[in-house]
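Under my numbering, the residue at position 50 of the sequence shown is numbered 128, and the numbers go up by one with no gaps.
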Amino acid sequence: MKVTIQNLQQWKQEKRPIVSLTAWDYAIAQLLDQAGIDLILVGDSLGMVALGYSSTLPVTLEDMIHHTKAVCRGVNRALVVVDLPFLTYQTNITQAIQSAGKIIKETNAGAVKLEGGYPAMIDTVSRLTEIGIPVMAHVGLTPQSVRILGYKQQGKTIEAQEKILNQAIALEQAGAFAIVLEHITKNLAIQITKTLSIPTIGIGAGNHCDGQVLVTADLLGLSEKLPPFAKPYANLRQNILDSVTHFSEDVKSRQFPES
Ligand code: KIV
């Protein structure tokens, strides 16, 4: 059975943690889906992971659609959520509808995600939801605002905590079906998780969120640099390097092929 946004909301009620990871191509998506990951995020972190950019800012809508089509081909069960990239939704609501609509029409994704909770975003979430496009929100450290926020933990002062909490409440009221809490203090994440009836998906936000997400390249040990909250469960960078070096040596010494 395909995971639905209703399942996520039910799992919050049942206190059954939601498991989420990012994917950027068919092979990774297929493995995540086989492992039973609930929510596969085609995050714009693919700009760094798959395209070699130093931030998410250069990623285009076309990049996201291209990668989402590949991811969807590998997924049977998980809910696929796609990031709206920088400057494809912030200009005005019409732009947001056109960008989100293009993703929904051209791929098999179930929902979009957008960053920020300032007033204009609240109206955008409300309008997208109204026309039938499910939206996952994202507050705290929002990487598309890296030029202002850097990659630092957010919500450290009382004022900043109130602002993020109020943004989360407004996004829920606008119709967001879930919300990513990135790199905020554990106490703030607990407060938001208790206050909202939609699921909170944490990344660097402590272990009391309704679910957790990581960038899969960080989990697999593929990334050159890890954020402080990521946990590598494998060392694929070294494994690949060793395998490729071994192959190269075998070819040069005529040990591959064996005859
Ligand atoms: O782009 C991404 O991978 C994300 C996650 C870090 C939540 O937005």
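Glycine is no exception: its CB is placed at the ideal position from the N, C-alpha and C atoms.
For clarity, every value in this text was computed on a predicted model and none was experimentally measured.
- Positions of the beta strand (DSSP E) runs, each at least 3 residues long and wholly inside the region 179 to 249, are given as 189 to 193, 213 to 218 in order along the chain.
- Per the C-alpha coordinates, the member of ASP320, LYS241, ARG332, VAL149 positioned closest to GLY194 is LYS241.
- Taken through DSSP and simplified to helix, strand or coil, ILE143 comes out as helix.
- Proximity of the beta carbon of THR134 to the ligand KIV is indicated: a heavy atom of the ligand is located closer than 7 Å.
- Contact between the region 172 to 181 and the region 135 to 151 is present: three or more C-beta pairs spanning the two stretches fall below 8 Å.
- Residue selection by CB proximity (closer than 7 Å to any heavy atom of the ligand KIV) returns THR100, LEU119, GLY121, ASP122, SER123, THR134, ASP161, LYS191, HIS216, PRO221, VAL258, GLU260, ILE281, VAL291, VAL293 in chain order.
- Non-local beta-carbon contacts of ARG151 in its own chain, meaning distances under 7 Å to residues more than five positions away in sequence, involve TYR104 in chain order.
- Counting every other CB atom within 10 Å of its CB across the protein chains shown gives MET214 a total of 16 or more, marking it as buried.
- Beta-bridge partners of THR278 (DSSP): ILE257.
- Secondary-structure assignment with DSSP links GLN290 through a beta bridge to VAL97, GLY280.
- For ASP161, the enclosing beta strand (DSSP E) starts and ends at 157 to 161.
- Distances from the alpha-carbon of ALA189 to those of MET199, ALA312, LEU206, SER123 put LEU206 closest.
- In this structure, the beta-carbon distance from PHE164 to LEU135 falls below 8 Å.
- When beta bridges are read from the DSSP output, LEU117 appears opposite SER98, LEU157.
- At least 8 Å separates the beta-carbon of LEU86 from that of LEU99.
- Sequence-distant partners of SER133 (beyond 5 residues in either direction) whose C-beta falls short of 6 Å from its own C-beta, in its chain, are VAL224.
- In this chain, the alpha helix (DSSP H) harbouring TYR104 covers 104 to 112.
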